[in-house]
Structure formats: structure tokens, C-alpha cells
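Quick note: the sequence shown uses this note's numbering, first residue 3, plus one each step. Cβ coordinates follow ideal geometry from the N, Cα and C atoms, glycine included. Owing to the predicted nature of the structure, the values given are computational and were not obtained by experimental measurement. The structure appears right after this line, and notes come after that.
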Amino acid sequence: MDILLKNAQIITLNDNDDVIPEGSIGIRDGRIDYTGEANRCLEAEYSKVIDCRGRTVMPGFVNAHNHLAMTMFRNYADDMKLMDWLFTKIFPMEDKLTDESVYWGSLLAMVEMIKSGTTTFADMYFFMESTARAVSESGMRAVLSRGLQGESGEEELDYRLRENDELFRKYHNSHNGRIKVMLAPHSVYTCSEAYLRKVAAKSLEQGIPVQIHLSESKEEVKTCVEKFGRSPVKYLEDLGLLNDRTVAAHCVAVDDADMDILASRKVNVVHNPGSNMKLASGAAPVFKMLSRGINVCLGTDGASSNNNLDMLEEMRLAAYLQKILADDPTVLPADTVMRMATSRGARALGFEGLGSIETGKAADMIVLNTEKAHYYPKYNIKSAIVYSGNSADVETVIIDGSLIMENGHLVTLDEERILYEAQKCALKLCTSGKDVRHEET
Ligand SMILES: [Zn+2]
């Protein structure tokens with residue numbers, strides 16, 4: 003489909019940081035083929051013309067750390083400590099997940115993400131074939147990984163790695179490059195050293211990047227130091243898992259030495275302020291990481307520890323949290339946090355040519371209705387979106403040149419059916435089988 007967006011205020015997020023007060027964007031074959039001042043002659047050249055008067059167009063959000071089907075556990079176990087929450091509530095429930103529940107849970111997450119302006123996400127979870135099928139149907143852009151964890155027998159661990167191999171063979175760079183596959187060892191505290199070494203070797207041999215949870219809490223660091231005599235960051239560096247394609251989620255409990263390693267290895271860090279605050283994991287020193295040149299981007303984490311997948315909210319949380327942490331309101335200004343939620347995330351996930359509105363770039367963008375009271379009076383549109391914007395302002399979503407949502411109506415997904423099926427699956431999960439670990443607590 004070829005589309006022309008006209009009369010739009012455009013936040014390009016290009017190198018010059020241009021904001022076009024009233025312009026047009028032409029889209030053809032999944033790419034942007036015109037960006038600039040309004041040009042009436044263009045209208046005849048596109049089969050679909052969308053009038054964006056009173057609207058603002060910007061690059062779609064990139065949610066760089068998520069576990070989609072954890073929507074199944076949204077509001078299931080709140081107000082708990084990370085390790086307690088994980089080991090007594092979440093892991094036992096995850097043992098009961100099925101292809102069906104992951105499929106509907108993933109679609110539920112995608113409905114929420116599309117409606118709040120996310121166009122790309124990274125997911126590490128289980129039954130990823132089901133998620134891949136859901137991505138294919140939704141039209142979203144994604145990085146998928148089969149979650150790898152375990153201290154148990156070699157056979158079981160190898161089986162999980164083989165599942166990721168299969169996912170890679172079937173889906174990597176599929177759907178016009180919309181889907182990529184990475185390796186995802188869960189963390190240093192859920193994977194044995196031998197397993198992490200195996201993943202590192204595979205990553206190196208086959209050139210597959212790694213995404214992992216890293217230094218999420220003080221407790222994780224303490225245990226790692228006791229066990230291996232090093233911080234989780236140093237430990238992963240020694241295992242050969244840190245490089246410029248590594249995506250490390252959280253990095254909350256990192257000291258200067260850790261940040262120096264992350265900077266020298268050019269690791270991409272995903273900040274998840276909502277999840278970190280809710281689990282009281284702490285505040286990642288994002289402003290220090292940015293000043294070291296580390297590519298820090300933004301994620302929501304799963305819907306069970308956030309409890310939504312709203313990147314507009316995440317931007318605001320990120321900005322507020324850093325200002326408190328630094329005791330300085332000048333850190334993480336609106337422009338920086340907007341780039342963390344878009345272009346920096348695209349770079350972290352290896353989607354080159356994404357994250358800005360420029361001719362030749364991939365056509366992933368969102369249209370926000372900025373003709374609402376909370377955008378008035380109009381001064382700085384980026385500040386307005388970050389500090390006053392609301393995900394309900396997102397009206398239209400275009401991914402890879404296709405209309406995924408138009409005027410608030412999902413084009414590719416049946417929202418009503420997805421909510422119904424997701425609720426049915428959640429009920430099944432809560433009532434199926436006796437969960438011993440869960441009952442004991
Ligand atoms: Zn996570």
C-alpha cells in the first residue's frame with residue numbers, strides 16, 4: 003500500500019532534530035519516499051491520503067525489553083520483592099503456560115502496544131513459535147528469543163537451545179525483515195556457568211546477539227560476588243557475553259567499574275523504570291551511563307511487573323526517576339528520553355534505518371491527536387508529548403508501510419476476540435493443576 007500523510011506536524015528525530023510544523027510524509031513499499039513541506043501535487047501519486055491536521059507524527063516506540071505473554075499474569079501477584087515474586091509466584095505459573103496461552107497472551111500484549119504507539123518490541127519468553135505466529139498476524143516488528151534458563155541436566159538445557167535454533171531458522175529476518183531472533187539466557191542467577199559459556203560460544207560462532215537480564219537488583223549482585231567473586235557485569239564480560247550487539251536489561255545495581263565495562267564493550271542497556279520502581283529494585287544510573295556514551299534505551303518489562311506496556315508512561319517515569327536520582331532536574335530532558343524510546347531502541351535491537359522519519363527509512367510511525375486540552379498552549383511538542391501526552395492520543399499506527407491501526411481501530415487484530423480468549427486462558431491457568439511451590443508459600 004502507498005500512503006500519504008498530509009498537513010501533519012512531524013517530529014523527525016533526524017540528526018538535525020527537525021520538527022516540520024506542517025508537512026507531508028509519503029510511504030511506498032514499506033519505506034518513506036517523501037518527507038518535507040506540504041506539496042499538493044503529491045496527493046495524486048498515492049492511493050491513500052490521510053489528513054493529519056491537528057495531529058503530530060513521530061517514529062513509533064521501540065519497547066526493547068518485554069515478556070509479552072506475561073500479560074497473563076497482569077495483576078496476579080503485586081507488591082512483592084523481586085526474588086520472592088519470581089520464585090514463588092511467577093516461575094510456578096510459567097510452568098503451566100501452553101502454546102495457546104502464550105499465543106493469546108502475546109496478542110493481548112500486541113493490542114495494548116499498538117494502541118499505545120509501540121511499533122517494535124523485544125520479547126524473551128516460552129512457546130515462542132506462538133508469539134512468532136502472533137507477530138506475523140499483527141504486522142508488528144519484533145525481536146524474539148526463547149528464554150533460556152536452568153541449572154538442571156544438560157539434555158534439558160540443550161533442548162531449549164535447539165528450540166531457539168529452530169526459531170532462528172524459521173523466523174530470523176523473515177516477514178520482510180520484520181522479525182529477528184536473538185539468544186536470551188535469562189540471567190546470571192538462573193543459568194549455570196556452563197550454560198552461559200555454551201550460549202556465548204553459539205553467539206560467537208553463529209553471530210546471534212544476546213539479550214539478558216543484568217544486575218537487576220542488589221541481591222543479584224551480592225549473590226554473584228559471593229559465588230564468583232565478581233559483579234554480574236564483570237562475570238558476563240569474562241564469559242565473553244558482552245559486546246556491541248548485547249542487549250542488557252535493567253543494569254540497576256551497577257558501579258563505576260561496571261559502567262566502564264558496559265561502555266568499553268559498547269553494550270546496549272535497556273532501562274525499565276516502571277518495573278524497577280514497582281519491584282523496588284532501585285534506580286538505574288541512566289544519566290551516568292549516558293554520559294559514558296552507553297546506548298541506553300527503554301522497555302516496559304513484562305506486564306506482571308509494571309503493570310502495563312505503555313511507552314508514553316515509561317518515558318515520563320524514566321525522566322522523573324533520573325531527576326530524583328541525580329538530584330538534578332536537568333538530566334534526561336524530554337528530547338533524550340524520546341530518543342531512548344525510539345531511535346536508541348532501534349539501534350539496540352539491530353534495526354538499522356529505523357527510529358527517525360526521513361526519506362529512505364523504514365516506514366514505522368505513529369499519529370497522535372495533539373489537538374487536545376493537555377497539549378495547549380503549544381510551545382515545545384516533544385516536551386508536551388513526554389510530559390503531558392497520553393497513550394489514548396495515539397490514533398494511527400503504521401509499521402513497515404502498512405496501516406496497523408487507523409483512527410483508533412485495529413486493522414490487523416480482532417480486539418474483542420483477543421480480550422475474550424485471553425481471559426479464558428487466564429482462568430484456565432489459575433485453575434489448572436496443583437502448583438506445589440505456589441501452595442507452600
Ligand atoms: Zn524482564
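Counting only runs of 3+ residues, the beta strand (DSSP E) found wholly inside the segment 335-422 occupies 367-371, 396-401, 404-408, in chain order.
Approximately 29 angstroms separates the beta-carbon atoms of Thr-121 and Met-95; this is outside 8 angstroms, ruling out the contact. Residue pairing by DSSP puts Gly-25 in a beta bridge opposite Ala-10, Glu-39.
Looking at the backbone, the Cα of Thr-414 and that of Ala-259 are separated by about 47 angstroms. When the beta-carbon positions are compared, Ile-13 and Ile-387 come within less than 9 angstroms of each other.
Every beta strand (DSSP E) stretch that sits fully inside the segment 40-98 and reaches 3 residues is listed by chain position as 50-53, 57-61, 63-68.
Unbroken beta strand (DSSP E) stretches of 3 residues or longer found wholly inside the segment 251-292: 270-273, given in chain order.
In the assembly as shown, Ala-203 is an exposed residue. Its beta-carbon has fewer than 16 other beta-carbons within 10 Å.
An exposed status is given to Asp-329, since fewer than 16 other beta-carbon atoms sit within 10 Å of its beta-carbon. Around the beta carbon of Thr-372, a 10 Å sphere encloses 16 or more other beta carbons of the protein chains shown; the residue is thus reported as buried.
Cβ atoms of Leu-334 and Ala-320 come within 8 angstroms of each other, at about 6 angstroms. When the Cα atoms are used, Ala-265 and Glu-228 turn out to be separated by approximately 25 angstroms. Counting of Cβ neighbours within 10 angstroms places Gly-149 among the buried residues, the total reaching 16 or more. Leu-99 and Glu-158 have their alpha carbons spaced roughly 17 angstroms apart. Between the segment 362-376 and the segment 162-171, the count of Cβ pairs shorter than 8 angstroms is below three; the stretches do not touch. As computed with DSSP, Gly-152 is found in a beta bridge with Cys-193. Between the C-alpha atoms of Ala-251 and Thr-398 there is a straight-line separation of about 29 angstroms.
Rounded to the nearest angstrom, the Cβ distance from Val-104 to Ala-343 is 26 angstroms, too far for a contact under 8 angstroms. Each residue's CA atom was taken as its position, placing Leu-323 and Leu-292 some 15 angstroms apart. A distance below 9 angstroms separates the beta carbons of Thr-248 and Pro-211. Under a 10 Å Cβ-count criterion, Cys-253 is classified as buried, with 16 or more other Cβ atoms of the shown protein chains found around its own Cβ. In the structure shown, the three-state DSSP call for Asp-167 is helix. The continuous beta strand (DSSP E) containing Thr-121 extends over residues 120-127.
Residue pairing by DSSP places Ile-181 opposite Ala-144, Ser-176 in a beta bridge. Runs of the alpha helix (DSSP H) spanning 4 or more residues and lying entirely within the segment 194-255 occur at 195-208, 220-230, 234-240, in chain order.
Contact fails between the segment 272-287 and the segment 236-247, because fewer than three Cβ pairs, one in each stretch, are under 8 angstroms apart. Cα atoms of Ala-10 and Gly-347: separation of roughly 24 angstroms, rounded to the nearest angstrom. Straight through space, the alpha carbons of Glu-222 and Arg-57 are spaced by roughly 45 angstroms. If you draw a straight line from the Cα of Met-82 to the Cα of Asp-17, it is about 43 angstroms long. Excluding five sequence positions before and after Val-396, the CB atoms of its chain that fall closer than 7 angstroms to its own CB belong to Lys-117, Ser-118, Gly-119, Ile-368, Leu-370, given in chain order. A straight-line Cα-Cα distance of about 23 angstroms links Ile-29 and Ile-383. Taking the Cα of Asp-4 as reference, the smallest distance to any Cα among Ser-404, Gln-213, Gln-425, Gly-410 is reached at Ser-404. Relative to Asp-366, the option among Pro-61, Val-339, Leu-15, Tyr-48 whose CA is nearest is Pro-61. Between Ser-307 and Leu-281, the C-beta spacing is below 9 angstroms.
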